[in-house]
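Residue numbers (the numbering used here): 4 to 111.
Where is the CB? At the ideal position from N, CA and C, for every residue including glycine.
Here is the structure we will look at.
Here is the structure:
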């Protein structure tokens with residue numbers, strides 16, 4: 004995980020592209036049409052996502068088909084997991100505290 008990954012995901016159009024590619028691989032033209040972007044703009048967004056390692060391209064005849072790189076998202080998930088665990092522990096402590104305030108649990 005690096006700054007390039009976060010930078011690539013910071014743009015709302017690129018997040019929309021990621022959402023589309025979650026469903027199925029698509030060509031630049033299909034992505035542009037569905038997001039109502041022009042093709043050069045879509046290509047630039049896909050280039051940023053590709054350089055960040057989030058998507059990969061497969062030439063197919065005269066089209067370029069883009070799909071998500073699962074490994075990159077697994078890496079992001081591993082990174083987020085440490086934060087998930089921290090927040091889960093904090094929420095559990097908050098639940099306990101609220102139970103004490105509401106008289107459902109004795110104060111330890």
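Pairwise C-alpha distance: residue j and residue i
| i | j | result |
| --- | --- | --- |
| residue 55 | residue 109 | 51 Å |
| residue 86 | residue 50 | 29 Å |
| residue 80 | residue 6 | 16 Å |
| residue 14 | residue 82 | 20 Å |
| residue 105 | residue 93 | 18 Å |
| residue 32 | residue 72 | 20 Å |
| residue 75 | residue 25 | 13 Å |
| residue 64 | residue 84 | 40 Å |
| residue 44 | residue 88 | 38 Å |
Chain-order list of residues whose beta-carbon lies under 7 Å from that of residue i (same chain, five-residue window excluded)
| i | result |
| --- | --- |
| residue 52 | 11, 17, 20 and 58 |
| residue 90 | none |
8 Å Cβ shell around residue i - same chain, five flanking residues per side excluded
| i | result |
| --- | --- |
| residue 41 | 35 |
| residue 99 | 108 |
Residue i burial status per 10 Å Cβ neighbour count (16 or more: buried)
| i | result |
| --- | --- |
| residue 69 | buried |
| residue 103 | exposed |
For residue j and residue i, believed in contact at Cβ under 8 Å, the rounded distance
| i | j | result |
| --- | --- | --- |
| residue 29 | residue 23 | 6 Å |
Spatial neighbours of residue i in its chain, beta-carbon cut-off 6 Å, leaving aside the 5 residues before and after
| i | result |
| --- | --- |
| residue 61 | 68 |
For this session: Give, in chain order, every unbroken run of the beta strand (DSSP E) that is at least 3 residues long and sits entirely within the segment 42-75.
Result: Those beta strand (DSSP E) runs which fall completely within the segment 42-75 and span 3+ residues are 58-63 and 66-71.
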